[in-house]
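These protein sequences, in sequence, are chains R and G. Numbering (the numbering used here) for the first sequence: 1 to 181. Numbering (the numbering used here) for the second sequence: 1 to 513. Quick reminder that beta carbons are idealized off the backbone N, C-alpha and C, glycines included. A short write-up of the structure that comes next.
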Amino acid sequence: MAVSGSSSLALALLAGPSQAGSWCAAVGLPSLGLVAAADVGVALERFPLVARPGDEWPAVVAALVDAVDIVLVHLPRHVRTGDARRLVAKARDRGAVLVTTGGSTAFAADVRLSVSGCTWEGLGRGHGRLRARRIDVVATGRGAAARDRRVSLWLPAASGGVEECLRDPLAMPQQIAQTLG
Amino acid sequence: MSTRTLVVWCPDWPVTAAGFSADEPVAVFANRVVACSAAARAGGVRRGLRRRQAEARCPGLQLVAHDPDGEARAFEPVVAAVEAFCPRLEIVRAGVCAVATRGPSRYFGGDDTLAAKVTEAVAHVGGRAGIAEGPFAAELAARAGRVIPEGQTPAFLSTFSVDVLERPELADLLHRLGIRTLGSFAALPPASVLARFGADGLRAHRLASGDDERPLAARISPPELDVTTEFDPPAERVETAVFAARRLAHQLCDELSARGLALSCLRVEAETSHGETLVRRWRLERATPLALAERVRWQLDGWLSDANPHAPTAGLTLLRVAPEEVLPDEGRQLGFWGGDRALDDRAARALLHVQGLLGPEAVTTAVPAGGRGPAEQVQLVPWGDAPPVLCGSSAAMPSQIRKEREVWPGRVPAPSPATVYGNPMRAEVVDQHGQPVTVSGRGSASAEPARVSIDGGPWTDVVAWAGPWPVDERWWDPHAHRRRARWQVATADGTAHLLAVEGGRWSVEAAYD
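Spelled out as C-alpha cells, the structure:
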C-alpha cells in the first residue's frame, strides 16, 4: 500500500491494528510526529522506530516484515526493483502489510492512497486554533481495487480520531474502510 | 548460622556520587526525593517527599536528578578499594557491598582490625564498615559503624524498629499489633509467623532473628551455565559489549527458567586483549535479562571510564556471565511485556536483529515526556533500555500523555502535527507590503502575516493564522533559556504549519500534514 501526501493518513492506517494488539514499525521517518501517532490510536510501546536505516534499509525492512504486522517505510529516492520485489513477496508470504511513503514507484502497491485536497477548520485570521481537517483521499490500485474511489474524511476530526464525511461505504475499497475504522 | 559478613556502607551514596559533600543541602530526586545529604536531612528533608515539599522545608536546597547508572559507575573505585583487602566481594547495590570475613579476618588479625582497615580505605567517600552475622545485620552494623562480636547479632538487632526490614506493609501491621522492635518480632514462634504472614513474613522473621535471609539448605550449587562471548576484533566501546551482554543475559535467563531456577547472585567477568581481567559479583532481586544487562553496563562503564586509574589498556576480548548463586524459582520472574507472548517475542527478536545490523541506538521507541512543543512531548530511547523515570508502566502510556498535558500550561493545543522536524527548517514570513513580520518583546505582532516561504521554497498566501503564542521557557537557567512565539499558519494550498519566531528568526517546527 502506498500513501502519498499525508503523514497523518499513514498513521491512521496503523491505528486500528495497533489498537487490536498488532505490532507496527516505522523505518526511515525521523520526523514522524509521535504525539500525533498516539493521539490517532497507535500504541507507542508496540511501535519501534528505525529513524535512519541508511543503505541497510532493505535488510531492516525484511527483518521487520518477518515479525511485525505493519511496516511503515519511507522509501529513498532510488529503489532497486529487485529489492522491492523481494520485500513485497516476503510481506505477502508473511501476511504483513507494507505501507510506503516517499516518491519512488518501484513498489507495485496493491492500493495507492493520495490526497487530492484538504482544508483546515477552526483557524481564523489571527484567532482560533487548528481543530479538524477535511481531507479528500483518492484510492487507486490493482485487481479488486482497480476502479478509482474517492472519500472525504475528517482527519483529525474535532474529537481527535478519524471520521468519514460522506456516509457512503462504497466510496472506498472495503479493507481500507475497515482499517480506517 | 549465618556467615560473618562485613558490609561497607556509604551514607547517602546518590548524593556523594553526584559530587556533593554532606554539608551541602542536596536532594537527589526522581519525581520524589530518593536521597538527601545530612545537611538537607537536618533541614527536614526526608525520602519520599515531593520536590516542592522538600524545597519548602529546606530553602536553598540543591536538586540533582537521580542517575542510577552514574551512581553505579562512581561506586566502582570504592569496590576496588575494598577488594584490595578481600576478594569474593558482592555488590548489593550502588553504595553497599558485602564480603565474607572468615579468611580476611584471620589474615589481618581479627574482625576489628579488618573493619578499621576497610573503613580507612573508604573514608574519603564517608564510607563505614560493620561486621555481623549475615548481610542484613552487617549493614545495620555498618550504619552504626560497629563490629558485633560473634553470637551477639540477635541481641544487637533486637533494639531496632521493625521499619528497618524495608517491608512497609508488614511493618505497618506489626506496629498496629504492638510489635515495634525486631526483638519482639523475633520472639514470635516461626510457625505462627508463617501461618499469619506467609512466606515473605517468615523471611522477615529470619532476618529479625539474625539468620540469613535465605536458609543455607535452599542454596543450590549452580550448574555450569556460564555463557561466554568472545570479541574479535576486541570491543573498544562499552555499547558493543553491553549489546552482546543483553544476548547473553537472555540466554542465561532462558537456561535458568528451563531448569526452574532463579538467579540471586550474578558473576560478570571481562577480559582484555592484554590479559587484564575484572570479575564482579552482583546481588539481584529480580533477574530479568534487562537487569542483568544493566549490571554488565554498570560494571564496564566503571571499569572503562577514563576517571578510573586502573582502566584497562586494550579492548575487551571476552565477556562471561555466570550464575554465582541460584534459588528455586518461586515465580518471581515477571513476564517482560504481557499480552501475546509469542507475537511479542518474535517482534523482540526481529528488533534485536535490526540492532545487530545498525547498532543498538538505531532502534528507538517513544516514551511520553513533558514539554510544550511537539518535539518535547516524546522522548526517544533505545529499544530495550529502561524508559526514563517519568514514564510509569508501558501500558499506561496514553493516559501518561494526557496527564503530562495537564501539567504543561501553554503547550501547543491538540491536534498534534504528524510531522515534527528534529532540526527546524528555516522560514520567512512577510506582511502584505513585503516587510518581515516580527514579534515584540511584549508578544504582539508587527503586522498580519500575508505570505510564507518555507525552507527557501516559493511564496504562498496565508489564508488563516493564529498567534503569536509567546513562550518564555527556563528563564531561571541562562544556558537553557528560550524565548519564542509560536504561530499556526494555514496556507492557500491547504497545508498548515507550526511556525516559531525566536530572536527575529522564523523556523518551521512541525507540519500538520
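Quiz item: In the structure shown, what three-state DSSP assignment does glutamine 377/G receive?
Solution: As a position in the second sequence, residue 377/G is number 377, starting the count at 1. In the structure shown, glutamine 377/G sits in coil (DSSP, three-state: anything other than H, G, I, E or B).
Quiz prompt | valine 164/G beta carbon less than 8 Å from that of phenylalanine 185/G | solution = Numbered from its first residue, the second sequence carries residue 185/G at position 185. Numbered from its first residue, the second sequence carries residue 164/G at position 164. No, these two residues do not count as a Cβ contact at 8 Å.
Self-check item: Contact test: alanine 132/R Cβ vs the ligand FAD heavy atom, cutoff 7 Å
Solution: The model on display carries no ligand, and the ligand FAD is accordingly not part of it.
Quiz prompt | Any C-beta of chain G under 8 Å from that of serine 4/R | solution = Mapped onto the first sequence, residue 4/R falls at position 4. No, serine 4/R lies away from the interface with chain G (no Cβ there is under 8 Å from its Cβ).
Quiz item: Mind pulling the chain G residues with CB within less than 8 Å of valine 60/R?
Solution: As a first step, residue 60/R must be located in the first sequence, where it is residue number 60. At a C-beta separation below 8 Å, valine 60/R has these neighbours in chain G: Val354, Leu357, Leu358.
Self-check item: Whole-angstrom C-beta distance between alanine 485/G and tryptophan 469/G, which should lie under 8 Å
Solution: For the purposes of this step, residue 469/G is identified with residue 469 of the second sequence, where counting begins at 1. For the purposes of this step, residue 485/G is identified with residue 485 of the second sequence, where counting begins at 1. Rounded to the nearest angstrom, the Cβ distance from tryptophan 469/G to alanine 485/G is 6 Å, consistent with a contact under 8 Å.
Self-check item: proline 169/R, DSSP secondary structure in three states
Solution: For this step, residue 169/R is matched to residue 169 along the first sequence. Only weak support exists for where proline 169/R lies, its pLDDT of 44 falling under 50; the value from the coordinates is given anyway. Residue state, collapsed to three classes: helix.
Quiz item: Quick one, are the C-beta atoms of glycine 210/G and leucine 157/G less than 8 Å apart?
Solution: Taking the first residue of the second sequence as 1, we reach residue 210/G at position 210. Taking the first residue of the second sequence as 1, we reach residue 157/G at position 157. Yes. Within cutoff.
Quiz item: Is proline 374/G closer than 8 Å to arginine 129/R when the C-beta atoms are compared?
Solution: For the purposes of this step, residue 129/R is identified with residue 129 of the first sequence, where counting begins at 1. For the purposes of this step, residue 374/G is identified with residue 374 of the second sequence, where counting begins at 1. No, the pair does not count as a contact, with Cβ atoms beyond the cut-off.
Quiz item: So is tryptophan 23/R in contact with chain G if we call contact Cβ pairs under 8 Å?
Solution: Locating residue 23/R in the first sequence gives position 23, where the first residue counts as 1. Yes, because at least one Cβ of chain G sits closer than 8 Å to the Cβ of tryptophan 23/R.
Quiz item: Is serine 264/G buried or exposed, if buried means 16 or more other CB atoms sit within 10 Å of its CB?
Solution: Locating residue 264/G in the second sequence gives position 264, where the first residue counts as 1. Buried: at least 16 other Cβ atoms inside 10 Å.
Exercise. Quick one: using the 10 Å Cβ neighbour count with 16 as the cut-off for buried, is alanine 146/R buried or exposed?
Key: Locating residue 146/R in the first sequence gives position 146, where the first residue counts as 1. Result: exposed.
Quiz item: At what residue ranges does the region 57-82 of chain R contain a whole run of the beta strand (DSSP E), taking only runs of 3 or more?
Solution: Whole beta strand (DSSP E) segments, 3+ residues: 70-74.
Exercise. Would you list the one or two residues that DSSP bridges to serine 161/G?
Key: The residue labelled residue 161/G in the question sits at position 161 within the second sequence. Answer is Thr181/G, bridged to serine 161/G.
Exercise. For glutamate 150/G, collect the residues of the same chain with a Cβ closer than 8 Å to its Cβ; drop the 5 residues on either side in sequence, then sort them by chain order.
Key: Numbered from its first residue, the second sequence carries residue 150/G at position 150. So the qualifying residues of the chain are Arg4, Glu133.
Practice problem: Measuring only between beta-carbons, confirm whether alanine 347/G sits less than 8 Å from chain R. | Solution: Residue mapping note: residue 347/G aligns to position 347 of the second sequence, counting from 1. Interface residue, yes.
Quiz item: Can you give the Cα-Cα distance for arginine 520/G and alanine 40/G, rounded to whole angstroms?
Solution: Here chain G comprises residues numbered 1 to 513, so residue 520/G is not present and cannot be evaluated.
Self-check item: Beta-carbon separation (whole angstroms), valine 27/R vs leucine 64/R, contact threshold 8 Å
Solution: Locating residue 27/R in the first sequence gives position 27, where the first residue counts as 1. Locating residue 64/R in the first sequence gives position 64, where the first residue counts as 1. The Cβ separation is near 7 Å, so the contact holds.
Practice problem: Examine chain G for any beta-carbon lying closer than 8 Å to the beta-carbon of aspartate 66/R, and answer yes or no. | Solution: Residue mapping note: residue 66/R aligns to position 66 of the first sequence, counting from 1. Yes, contact with chain G.
Quiz item: What in chain R is Cβ-close to threonine 516/G, meaning under 8 Å?
Solution: The structure shown does not extend to residue 516/G, since chain G is modelled only from 1 through 513, so no value can be given for it.
Quiz item: Hey, is the region 256-270 of chain G in contact with the region 25-36 of chain G, meaning 3+ C-beta pairs nearer than 8 Å?
Solution: no
Quiz item: Candidates Gln379/G, Thr153/G, Asp431/G, Glu428/G: which alpha carbon is nearest alanine 208/G's?
Solution: Mapped onto the second sequence, residue 208/G falls at position 208. Relative to alanine 208/G, the option among Gln379/G, Thr153/G, Asp431/G, Glu428/G whose CA is nearest is Thr153/G.
Practice problem: Rounded to whole angstroms, what's the CA-CA distance from glycine 126/R to tryptophan 465/G? Just pull it up for me. | Solution: In the first sequence, counting from the first residue as 1, residue 126/R sits at position 126. In the second sequence, counting from the first residue as 1, residue 465/G sits at position 465. Cα-Cα distance, rounded: 5 Å.
Quiz item: Once you ignore the five residues that flank valine 42/R on each side, which residues in its own chain have a CB closer than 7 Å to its CB?
Solution: Translated into the one-based positions of the first sequence, residue 42/R becomes position 42. Here the set comprises Leu11, Leu14, Ala15, Ser18, Cys24.
Quiz item: Ordered along the chain, which non-local residues of its own chain (more than five positions away) have a Cβ less than 6 Å from that of serine 22/R?
Solution: Taking the first sequence and counting its residues from 1, one reaches residue 22/R at position 22. Answer for serine 22/R: Asp69, listed in chain order.
Quiz item: Roughly how many angstroms separate the alpha carbons of serine 21/G and arginine 128/G, rounded to a whole number?
Solution: The count along the second sequence starts at 1 and reaches residue 21/G at position 21. The count along the second sequence starts at 1 and reaches residue 128/G at position 128. If I take the Cα positions, the gap works out to 16 Å.
Quiz item: In terms of residue numbering, what span does the beta strand (DSSP E) encompassing leucine 123/R cover?
Solution: If you number the first sequence from 1, residue 123/R lands on position 123. Counted as a single uninterrupted DSSP element, the beta strand (DSSP E) harbouring leucine 123/R occupies residues 111-123.
Exercise. Mind listing, in chain order, the continuous beta strand (DSSP E) runs of no fewer than 3 residues lying wholly within the region 4-69 of chain G?
Key: 4-9, 26-30, 32-36, 62-65
Quiz item: From aspartate 138/G to valine 96/G, what does the alpha carbon distance come to, in whole angstroms?
Solution: For the purposes of this step, residue 138/G is taken as the residue at position 138 of the second sequence. For the purposes of this step, residue 96/G is taken as the residue at position 96 of the second sequence. Per the sequence shown, residue 138/G should be read as alanine rather than aspartate. Distance between the alpha carbons of alanine 138/G and valine 96/G: 11 Å.
Quiz item: alanine 63/R versus chain G: which residues are under 7 Å apart at the beta carbon?
Solution: Along the first sequence, read from residue 1 onward, the residue named residue 63/R stands at position 63. Under the 7 Å cutoff, chain G gives Ala350, His353, Val354.
Quiz item: So with Cβ pairs under 8 Å, would you call glycine 160/R a contact of chain G?
Solution: Within the first sequence, the letter at position 160 stands for residue 160/R. By this cut-off, glycine 160/R is an interface position.
Exercise. Output the boundary residues of the alpha helix (DSSP H) element that contains glutamine 152/G.
Key: As a working note, residue 152/G is residue 152 in the second sequence. Premise fails: glutamine 152/G is in no alpha helix (DSSP H) and is neither H nor E.
Quiz item: Count the other CB atoms within 10 Å of the CB of proline 189/G; is the residue buried (16 or more) or exposed (fewer)?
Solution: The residue labelled residue 189/G in the question sits at position 189 within the second sequence. Of the other Cβ atoms in all chains shown, fewer than 16 fall within 10 Å of the Cβ of proline 189/G; this residue is therefore exposed.
Practice problem: Assign tryptophan 383/G to buried or exposed, taking buried as 16 or more other Cβ atoms, counted over all protein chains shown, within 10 Å of its Cβ. | Solution: For this step, residue 383/G is matched to residue 383 along the second sequence. Burial call: buried.
Quiz item: Out of curiosity, what's the CA-to-CA distance linking leucine 155/R and serine 257/G?
Solution: Here the question's residue 155/R lines up with position 155 in the first sequence. Here the question's residue 257/G lines up with position 257 in the second sequence. Rounded to the nearest angstrom, the two C-alpha atoms are 48 Å apart.
Practice problem: Identify the continuous beta strand (DSSP E) that holds valine 122/G and give its terminal residues. | Solution: Translated into positions along the second sequence, residue 122/G becomes position 122. Element bounds for valine 122/G: n/a, residue is neither H nor E.
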